[in-house]
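What follows is a single structure, written as structure tokens, with notes after it.
In the numbering used here, the protein residues as written are 111 to 404.
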């Protein structure tokens, strides 16, 4: 599990951190020190899906984002030699960024803490790109919240570490699974509706009073509209007389039976639209079965 997590994190940081010009990054609260003393250092961080025009904390599964962070070091530490640390917490596991750009699990021991940017001359502002244009979900990180921290030290304050007491939180959404019936509809059924059914089953058509009322392909979201119409028809018992014009249909006929019988010309004012044994009728049967199974 840990090996897989390391591999995924390594992929996400394939673009090594480079100094970048950052502006308007949200400030992270509670700048702190390991000794518990106060500090004038300031820490910033933000995640953006629009190249820094706006910052957010929540993103879609497949949304490509940039994550940038920045440290304003204490004035007395400018031009001194120090180290910069980058930490990410994922599913309660701490990862530290190495100089190579890879990530390694950190055991929370200061003795084992490694710097992302070791032995560097600290500038008044240290800007770091964590990831650039990365979609976390497809890379294996989804339905979770990442917590990112920055820290640094300086030879001007031996033994002390200055860090962002509050984390930059970035939530990546879960993958949205489309239903199997919707996939079947878009692939196999929508074209049948447009070719065989739409002429009568629409406003002003011969079957305008039917519960099956479709919209044509010129309408916005026509596929979603017609899909929902079919699913509701299949899943609901029909009691309207117009849907059961013959006593032979019985006192209660469900939508799935009607949807398969009528296109074959059984009690159907529009006659035969799908021949018994045809591929299109089989596609319709598969669609109905999938809807019922869901």
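Note that CB positions come from ideal geometry on N, CA and C, so glycine has one too.
In the DSSP secondary-structure assignment, residue 273 is bridged to 142 and 261.
Secondary structure note for residue 332: its alpha helix (DSSP H) is the uninterrupted segment 332-345. Collapsing the DSSP output to three states places residue 246 in coil.
Within the same chain, 172, 173 and 174 come within 7 angstroms of residue 245 by CB-CB distance, once the 5 residues on both sides are set aside. Under a 10 Å Cβ-count criterion, residue 185 is classified as exposed, with fewer than 16 other Cβ atoms of the shown protein chains found around its own Cβ.
Judged by DSSP in its simplified three-state form, residue 295 adopts helix. Annotation for residue 390: 302 and 384 place their beta carbon closer than 6 angstroms to its own, counting only its chain and skipping 5 residues before and after. Residue environment for residue 247: buried (at least 16 other C-beta atoms within 10 angstroms of its C-beta). CA-CA distance, residue 252 to residue 328, rounds to 36 angstroms.
Residues of the same chain with a CB within less than 6 angstroms of the CB of residue 401, apart from the 5 flanking positions on each side, are 291, 341 and 344 in chain order.
In the assembly as shown, residue 229 is an exposed residue. Its beta-carbon has fewer than 16 other beta-carbons within 10 Å.
Taking the CA atoms as reference points, residue 386 sits about 25 angstroms from residue 333. The C-alpha of residue 191 is placed about 15 angstroms away from the C-alpha of residue 181. Using a C-beta cut-off of 8 angstroms, the region 193-211 makes contact with the region 257-277, since at least three inter-stretch Cβ pairs fall below that distance.
Here residue 161 is exposed. Its C-beta has fewer than 16 other C-beta atoms within 10 Å. Sequence-distant Cβ neighbours of residue 395 in its own chain, meaning closer than 8 angstroms and more than five residues away, are 370.
Excluding the 5 residues flanking it on each side, residue 404 has same chain C-beta neighbours closer than 8 angstroms at 289, 290 and 291, in chain order. One Cα belongs to residue 231, the other to residue 270, and the distance between them is close to 17 angstroms.
The beta-carbon separation of residue 380 and residue 316, rounded to 7 angstroms, stays under the 8 angstroms limit for a contact.
The DSSP-derived three-state label of residue 229 is strand. With distances taken between CA atoms, residue 304 lies nearest to 336 out of 398, 183 and 336.
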